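So the sequence shown is numbered by our numbering: it starts at 116 and just counts up by one.
Backbone N, C-alpha and C fix where the C-beta goes; we use that ideal spot for every residue, glycine too.
Every value quoted in this text rests on a predicted model; they were computed, and no experiment measured them.
Worksheet: one structure, shown below.
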Amino acid sequence: MSASAYVINVTRETFEQEIIQKSMEVPVVVDFWAPWCNPCRQLAPILESLAEEMGGKFILAKVNTDEQPEIAQAFRVESLPTVFGMVQGQPVDQFTGLLSAEQIREWLARLLPSPAQQLAQEGMKLAETDPKAAELKYRQALELMPDEDGLKILLAGVILKQGRLDECATILEALEQRGFLEPEAERLKSELDVRRTAAESGGVEEARKVAEADPTNLIAQIHLAEAYAASQQHRKALEICLEIVQKDFGEARAEAKSTMVKIFDMLGPGSELTSEYRRKLATALY
């Protein structure tokens, strides 16, 4: 057995962590073997050597089927050796029997991310903490895959994080010419609309001054809500809009509702605020 950090023995107790969870981060190659299986003993050093050579591009998880029959049953292993490729918690490819090193390289090439996908994954890890560095990764990935719309959406997201609203709008407008937008692109578009309006109103402090100067100006109240949303104060923004929906039946009501929907898009369907205020909005409308 290799002492490599990229080769692990898996048991029923470590299955979830070492195979399912780890495959969310990097492909996991699961080798089902047994001590009495001669092809297994021939295959093992090939797989271990490739795992070491590739330096962490995949993790080799070895399952002794004599000791861990439950795992083999879960994968419906019928003969040995059997090898599965796991990505994002799911088996995406497999082979059975003894293959040469070259054949396994070809198999791994289908399993491992392409250079562009690798750059995209690196960018996603940086997006929250260093959007500028993430932007560079996404642009490098787009040089390799210029027609990949998913990369363009990721790029638009980190550009928006940096406050470059017009550049973000240009990317989204080009994507919209296809006749549709993916859910994440729709979310970015909603956030962009809110942030543009907030910027025009001068931010929270300026919008608050205008709203307080004339409390009857409901449009000014909505602009204040958008400024709150742009500064991540979503509950305040939603509460202002909800009050307008509850008491007005004209143009301001429609605009307040539209702003709430944009904030829902920004927060995403899994947000507790989205669920709470969707219910409140439905009650106010119907």
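(message) On a Cα-Cα basis, can you pick out the residue from Ala-176, Gln-132, Asp-281, Glu-131 that is closest to Ser-119?
(response) What you label residue 119 is simply residue 4 of the sequence shown in a count that begins at 1. Checked all of Ala-176, Gln-132, Asp-281, Glu-131; the closest Cα to Ser-119 is Ala-176.
(request) Rounded to whole angstroms, what's the CA-CA distance from Met-169 to Ser-386? Just pull it up for me. (result) Working through the sequence shown from its first residue, we reach residue 169 at position 54. Working through the sequence shown from its first residue, we reach residue 386 at position 271. Cα to Cα, Met-169 sits roughly 39 angstroms from Ser-386.
(message) On a Cα-Cα basis, can you pick out the residue from Gly-383, Trp-151, Ala-367, Thr-374 that is closest to Ala-300?
(response) Position 185 of the sequence shown holds residue 300. Nearest C-alpha to Ala-300 among Gly-383, Trp-151, Ala-367, Thr-374: Gly-383.
(message) Suppose contacts are defined by Cβ-Cβ distances below 8 angstroms. Is Ala-352 in contact with Ile-378 by that definition?
(response) In the sequence shown, the residue the question calls residue 352 occupies position 237. In the sequence shown, the residue the question calls residue 378 occupies position 263. Yes, Cβ-Cβ distance for Ala-352 and Ile-378 is below 8 angstroms.
(message) Would the segment 295-311 count as touching the segment 360-370 if we require 3 or more Cβ pairs under 8 angstroms?
(response) No, they do not touch.
(message) Do Leu-296 and Ala-322 have their beta-carbon atoms positioned less than 8 angstroms apart in this structure?
(response) In the sequence shown, counting from the first residue as 1, residue 322 sits at position 207. In the sequence shown, counting from the first residue as 1, residue 296 sits at position 181. It is not a contact, given that the beta carbons lie outside the stated cut-off.
(message) For the alpha helix (DSSP H) containing Lys-172, name the first residue and the last one.
(response) For the purposes of this step, residue 172 is taken as residue 57 along the sequence shown, with counting starting at 1. Neither: Lys-172 is in no alpha helix (DSSP H) and is coded neither H nor E.
(message) Here's the rule: buried if 16 or more other CB atoms are within 10 angstroms of the residue's CB, otherwise exposed. What is Met-201?
(response) Taking the sequence shown and counting its residues from 1, one reaches residue 201 at position 86. Classification for Met-201: buried.
(request) Evaluate Met-139 with the Cβ neighbour count: other Cβ atoms within 10 Å of its Cβ, from every protein chain shown; 16 or more gives buried, anything less gives exposed. (result) For the purposes of this step, residue 139 is taken as residue 24 along the sequence shown, with counting starting at 1. Under this definition Met-139 is an exposed residue.
(message) Can you determine whether any heavy atom of the ligand HEM sits closer than 7 angstroms to the C-beta of Val-325, and answer yes or no?
(response) No copy of the ligand HEM appears in this structure; indeed no ligand is present at all.
(message) At the level of alpha carbons, what is the spacing between Ile-135 and Pro-160?
(response) Here residue 135 corresponds to residue number 20 of the sequence shown, with the count starting at 1. Here residue 160 corresponds to residue number 45 of the sequence shown, with the count starting at 1. Cα to Cα, Ile-135 sits roughly 24 angstroms from Pro-160.
(request) Spell out a yes or no on whether the segment 310-325 and the segment 339-349 are touching, meaning 3 or more CB-CB pairs, one atom from each, closer than 8 angstroms. (result) Two segments are said to touch when three or more pairs of C-beta atoms, one from each, lie closer than 8 angstroms; by this definition the segment 310-325 touches the segment 339-349.
(request) Please confirm whether Asp-264 and Leu-287 have their CB atoms less than 8 angstroms apart. (result) Residue mapping note: residue 264 aligns to position 149 of the sequence shown, counting from 1. Residue mapping note: residue 287 aligns to position 172 of the sequence shown, counting from 1. It is not a contact, given that the beta carbons lie outside the stated cut-off.
(request) Going by DSSP, name the residue or residues bridged to Phe-210. (result) What you label residue 210 is simply residue 95 of the sequence shown in a count that begins at 1. Answer is Val-198, bridged to Phe-210.
(request) Could you pull out every unbroken beta strand (DSSP E) segment of at least 3 residues lying fully inside the segment 119-171, listed in chain order? (result) Scanning the segment 119-171 for uninterrupted beta strand (DSSP E) segments of 3 residues or longer gives 122-124, 143-148, listed from N- to C-terminal end.
(request) Starting from Gln-277, follow its DSSP beta bridges and name the residues at the other end. (result) The count along the sequence shown starts at 1 and reaches residue 277 at position 162. Beta-bridge pairing links Gln-277 to no other residue.
(request) Take every Cβ of the segment 226-243, pair it with every Cβ of the segment 267-286, and state whether three or more of those distances are shorter than 8 angstroms. (result) Yes, the segment 226-243 touches the segment 267-286.
(message) Would Leu-266 and Leu-275 qualify as a contact pair, given that the criterion is a beta-carbon distance under 8 angstroms?
(response) Position 151 of the sequence shown, counted from the start, is the residue given in the question as residue 266. Position 160 of the sequence shown, counted from the start, is the residue given in the question as residue 275. The Cβ-Cβ distance between Leu-266 and Leu-275 does not fall below 8 angstroms.
(request) Tell me whether Lys-362 is buried or exposed, calling it buried when 16 or more other Cβ atoms sit within 10 Å of its Cβ. (result) Working through the sequence shown from its first residue, we reach residue 362 at position 247. Around the beta-carbon of Lys-362, fewer than 16 other beta-carbon atoms lie within 10 Å, marking it exposed.
(request) Note down, in chain order, each residue of its chain lying with its Cβ closer than 7 angstroms to the Cβ of Arg-350, except the 5 sequence neighbours on either side. (result) For the purposes of this step, residue 350 is taken as residue 235 along the sequence shown, with counting starting at 1. Taking C-beta separations shorter than 7 angstroms and ignoring five residues to either side along the sequence, the partners of Arg-350 in its chain run Leu-388, following chain order.
(message) With a threshold of 8 angstroms, are at least 3 pairs of Cβ atoms found where one atom belongs to the segment 122-131 and the other to the segment 181-199?
(response) By the C-beta criterion, the segment 122-131 is judged to be in contact with the segment 181-199, since at least 3 inter-stretch pairs fall below 8 angstroms.
(message) If the criterion is Cβ atoms closer than 8 angstroms, does the pair Leu-214 and Lys-172 meet it?
(response) Taking the sequence shown and counting its residues from 1, one reaches residue 214 at position 99. Taking the sequence shown and counting its residues from 1, one reaches residue 172 at position 57. At least 8 angstroms separates the beta-carbon of Leu-214 from that of Lys-172.
(request) Give me the Cα-Cα distance between Ala-249 and Phe-199, rounded to the nearest whole angstrom. (result) On the sequence shown, residue 249 is found 134 positions in, with the first residue counted as 1. On the sequence shown, residue 199 is found 84 positions in, with the first residue counted as 1. Straight-line Cα distance between these residues: approximately 32 angstroms.
(message) If the criterion is Cβ atoms closer than 8 angstroms, does the pair Ile-174 and Ile-219 meet it?
(response) The residue given as residue 174 occupies position 59 in the sequence shown. The residue given as residue 219 occupies position 104 in the sequence shown. Pairing Ile-174 with Ile-219 gives a Cβ-Cβ distance that is not under 8 angstroms.
(request) Pull up the CB-CB distance for Ile-337 and Glu-370, whole angstroms please, since I reckon it's below 8 angstroms. (result) Mapped onto the sequence shown, residue 337 falls at position 222. Mapped onto the sequence shown, residue 370 falls at position 255. Yes, they are in contact, since the Cβ atoms of Ile-337 and Glu-370 sit about 6 angstroms apart, within 8 angstroms.
(request) With DSSP collapsed to three states, give me the class of Val-192. (result) Counting from 1 along the sequence shown, the entry for residue 192 is found at position 77. Coil, per DSSP.
(message) As an exercise, report each continuous beta strand (DSSP E) stretch of at least 3 residues that is fully enclosed by the segment 289-368, in chain order.
(response) If we require 3 residues or more, the segment 289-368 turns out to have no beta strand (DSSP E) run fully inside it.
(message) Please return the same chain residues whose Cβ sits closer than 6 angstroms to the Cβ of Glu-193, not counting the five positions on each side in sequence.
(response) Numbered from its first residue, the sequence shown carries residue 193 at position 78. Counting only residues of its own chain and dropping the five nearest sequence neighbours on each side, Glu-193 has no CB closer than 6 angstroms to any other CB.
(request) Could you work out which residue in Val-360, Glu-221, Glu-354 is closest to Glu-391 when comparing CA atoms only? (result) Your numbering for residue 391 matches position 276 in the sequence shown. Comparing Cα positions, the closest option is Glu-354.
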